[in-house]
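Let me begin by presenting the structure, written as structure tokens, before commenting on it.
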Amino acid sequence: MLSVYKRPAYAQLLLLLISLVLGSIAIWFFMQQPWLGVTLDVIDEEIRIVRVDDALSTQVPTGVQLQKIVSAKGESFQLIPTDLSMESDFCDTYTELADFFARQTVISNLLKEEKIVLLWIDKHGKEGKAVIAINQRTLADLPIVFLFQIFVATAGFLLSTWIFLLRPSDLGARLFMLAGLMYPITVLTNAIPGNRELAISGDVFRLLSSINHASGIMCGCALIALFLSYPCKLVRTRTLFLLPLFYGVWAICDVFWWMPNQIWGSRIPTMLQMLSIILLSVVQWRKTQGQPLERAALRWFILAGVVGSILFIIYVFRFNLPDFIPIPPRGILVVEFLLMWIGIAMGLRRYHLYDLDEWSYRGLLWVAGATAILVFDALLAYLGATQVASLSLSLLISGWLYFPFRQWLWQKIVRRPTTNYENLLPELSIIAFTVSSSEQQARWESLLRKLFDPLEIKISTTTESGGHLHEEGLALQVPACEKLPSFLMRYAGRGSRLFSSRDAELVTSLSDLLANVMSGRSSYEQGVEEERMRIGRDLHDNIGARLLKLIHQLRGTPSVEVARDAMKDLRTSIAALDAQPVPLANALADWRAEADGRCEAAGCKLHWSQSAYLPAQELIPRNKASLESVMREMITNALKHAAAKNIKAVIETENNTLHITIENDGQIAELSTWKDGYGLRNLRGRITELGGNLNISASSQSVQMQIRVPL
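Numbering (our numbering), first residue to last: 531 to 1241.
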């Protein structure tokens, strides 16, 4: 036998057919009831005919007060307003309930005749009557509210079973399915008597009412079990069986009228169940602290369960509430129950919770606003204000007090700062024009942290383009951008919320914008590089050729060394224009070799010392050339001005900073007598450009020059 777990589509089709069959049975049963073709309503404690079928328009006037119905045999029955009550729940005691059902039986028996006489009184006190043939409804005569309740029952049943078929092993889905099995029974057993024209058999009415109460209580048990198990499991699974045992006995006592009255029989257990759902919502909210995915699902549970529970409590106790409290019509409450079912299904299915997260807050605030208006309206009506005045003042008070408070609360609970691209563009420009790739990556990561405040952010190897949500909104993929890697962020807002589609769109826009800025920088650098190459070629071909000619002409004279030094400086400058980054260790080796050669030629001994461990740092050509010139100038000063016999060079690195110390002996002059010549000024200028500093100290035996340059 094929399992529904493997073929959920077939199972869902079968369940759809079952729901259609149940709906058809309800429609067929409803159509078998006698039908007069008139619509009755209670207005000012009087039964009035408010609408008649077109075929009766010439016989029965509208707006008249219906007094009695008389059978063809002459049996008459005086109608009272409670005969038109859509439900039996208006009765507080079982004695009143028995009397109501007995009257329904009498009226139902009278309607079994082929014809019946309606007796009425018009607004002038004049009596009238009409003989009406009793028929059966056609499909076209079915009330819209009844058909809508059929739809609600079918939709609720299919929703709960669909969630179960998608997640058959999930305890929450199973409990929701159990509630869904009771849901259509509760709705349909209410729809049939609730939409009757005048009466149905008292025995049938009592049976439908008992089934309605029992199925409603069992549906409430399943919902309580659901809130006990989802999203956090609060009790052991076997403990849940105590719920149907306890409430099942209570329902049996209500069915057989063993309770003191109907308040204790059906209203109190229903209220206890709904209050339990509200209390469990609070407990689950505390349990899911720090779990954004579970809390996002719970928000829909709270919106659906709490709002539905409050409305259901009001609906059950509506007959005990003061007249000035406005009660929503039965049709509106049916819509609310369907929305409640949809909200629970969304929370269980976890479909796009990252987008539904804000809407759950909006829904709660909307409900709070509507409740505020109703509370103000009821309070003003209680104080004696007219209906128009109370409603107007309620809207005015809500506009002054609630809506500003709502806006403030929205900013507090959502905590979503608005994105100001005018402020972000300078930051993106700084990132794009940062020279170091590691610093560029660090700045981009810092900006992402500032915008989304994730608990975790790490480099990802994905090649997807654009921002993508993962793990049902717990994680957001940031696309790679030029040389910047892709990042994966998890737990937005320090774990207080989910990432949304809006967040994914934002990182995509920022990445595209950053890529455009970086592309502009690349174009700029390419132009600079081409200009450098042109300058380098001009220096090599023109100045270099002339210096080489000068060297040949001065060969054999003391001035030839000056020309050769000029040629070396020229080659260094050209290399800085058209060279690749050089590892620090290689640069130090070049500087040591040059310094050693110069000291040997001058009859000076070089003592070179450097750290055993050097960071894997590369020097860009410009920085290498500048540091090379600095080293050359310091050696030159020692040889030229001090006629040094020993030069000591110490190279160290610490905290990503290069420390160079050059110390020499020889002819030492007081520092106060030193004057900055072109060479020393040039030395200070180069070090300043590199972001470093120069310190010169002297004693009677040596001069020490120290520089510190950030790598």
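Note that beta-carbon positions come from the ideal geometry of N, C-alpha and C, so glycine has one too. Quick caveat: nothing in here was measured; it's all calculated off a predicted structure.
{"Check": "Using the Cβ count rule (16 or more neighbours within 10 Å means buried), how would you classify L596?", "Outcome": "buried"}
{"Check": "From this set, R578, S690, P790, which residue's C-alpha is nearest G593's C-alpha?", "Outcome": "R578"}
{"Check": "For A721 and W787, I'd like the C-alpha separation in whole angstroms.", "Outcome": "23 Å"}
{"Check": "Return the CA-CA distance between E957 and K1013, expressed in angstroms with no decimal places.", "Outcome": "17 Å"}
{"Check": "Give me, in chain order, the residues of the same chain whose beta-carbon lies closer than 6 Å to that of M1097; leave out the 5 immediate sequence neighbours on both sides.", "Outcome": "L1077"}
{"Check": "Looking only at its chain, what residues have a beta carbon closer than 7 Å to the beta carbon of G702, apart from the 5 residues adjacent to it on each side?", "Outcome": "L756, S759, Y760, L878"}
{"Check": "Is W692 helix, strand or coil by DSSP?", "Outcome": "helix"}
{"Check": "Taking the alpha-carbon of C751 as reference, which of R768, Q803, V785, N1212 has the nearest alpha-carbon?", "Outcome": "Q803"}
{"Check": "If you follow the alpha helix (DSSP H) that P1151 is part of, which residue opens it and which one closes it?", "Outcome": "1151-1171"}
{"Check": "Check each candidate in I872, P984, R768 and name the one with the smallest Cα separation from Q1007.", "Outcome": "P984"}
{"Check": "Touching or not, the segment 706-725 and the segment 680-688, by the rule of three or more beta carbon pairs under 8 Å?", "Outcome": "yes"}
{"Check": "When the Cα of H998 is compared with those of L977, R1020, R1062, which residue comes out closest?", "Outcome": "R1020"}
{"Check": "Taking Cβ positions, are R667 and W780 nearer each other than 8 Å?", "Outcome": "no"}
{"Check": "Taking the CB atoms as reference points, tell me whether V647 and K659 lie closer together than 8 Å.", "Outcome": "yes"}
{"Check": "Can you list, in chain order, the residues of its chain whose CB lies under 8 Å from that of T588, leaving out five sequence neighbours each side?", "Outcome": "none"}
{"Check": "When DSSP labels each residue in this structure, what does M789 get in the three-state scheme?", "Outcome": "coil"}
{"Check": "Can you have a look at H728 and say buried or exposed, based on whether 16 or more other CB atoms are within 10 angstroms of its CB?", "Outcome": "Per the sequence shown, residue 728 should be read as Leu rather than His. Buried is the call here."}
{"Check": "Spatial neighbours of Y535 within its chain, please: C-beta separation below 7 Å, excluding the five flanking residues on both sides.", "Outcome": "In this predicted model, Y535 has a pLDDT of only 48, less than 50, meaning its place in the structure is not dependable; the value taken from the coordinates is given anyway. Excluding sequence neighbours, Y535 sits near P698."}
{"Check": "Say whether chain D places a C-beta atom closer than 8 Å to the C-beta of L810.", "Outcome": "In the structure shown, chain D does not exist; there is a single protein chain."}
{"Check": "Need the endpoints of the beta strand (DSSP E) that H1000 sits in, please.", "Outcome": "998-1000"}
{"Check": "Cα separation between T1242 and K763?", "Outcome": "As shown, the chain starts at 531 and ends at 1241. That puts residue 1242 outside it, with no answer to give."}
{"Check": "Could you tell me the distance, in whole angstroms, from the CA atom of S806 to the CA atom of I754?", "Outcome": "7 Å"}
{"Check": "If we ignore side chains and look at the alpha-carbon of each, how far apart do H882 and L718 end up?", "Outcome": "With a pLDDT of only 47 at H882, under 50, the local geometry of the prediction cannot be trusted, and the value read off the model is given with reservation. The alpha-carbon atoms of H882 and L718 are separated by roughly 32 Å."}
{"Check": "Under 8 Å between the Cβ atoms of L1114 and L1144?", "Outcome": "yes"}
{"Check": "Could you check what DSSP says for E644 in three-state terms: helix, strand or coil?", "Outcome": "coil"}
{"Check": "I'd like to know whether the C-beta atoms of K1154 and V1112 end up nearer to each other than 8 Å.", "Outcome": "yes"}
{"Check": "Return the Cβ separation of T691 and G746 in integer angstroms, given the expectation that the two are a contact with Cβ distance under 8 Å.", "Outcome": "In fact, because the Cβ distance is near 19 Å, the residues do not count as touching under 8 Å."}
{"Check": "Can you tell me which residues form a DSSP beta bridge with G658?", "Outcome": "W650"}
{"Check": "Looking at G820: is its Cβ nearer than 8 Å to the Cβ of G686?", "Outcome": "no"}
{"Check": "Could you tell me whether the segment 1150-1164 touches the segment 1129-1138, where touching means 3 or more Cβ pairs closer than 8 Å?", "Outcome": "no"}
{"Check": "DSSP three-state label for A1174, please.", "Outcome": "coil"}
{"Check": "Only counting the same chain, and skipping five residues up and downstream in sequence, which positions put a Cβ closer than 6 Å to that of C783?", "Outcome": "M789"}
{"Check": "Which residues share a DSSP beta bridge with M1235?", "Outcome": "I1192, I1226"}
{"Check": "Straight-line CA distance for S1030 to I808?", "Outcome": "28 Å"}
{"Check": "State the Cα-Cα distance for the pair L886 and A670, rounded to the nearest angstrom.", "Outcome": "Since pLDDT at L886 reaches only 45, below the 50 mark, its modelled position is unreliable, and no value is offered."}
{"Check": "Can you tell me where the alpha helix (DSSP H) holding E975 begins and where it ends?", "Outcome": "967-982"}
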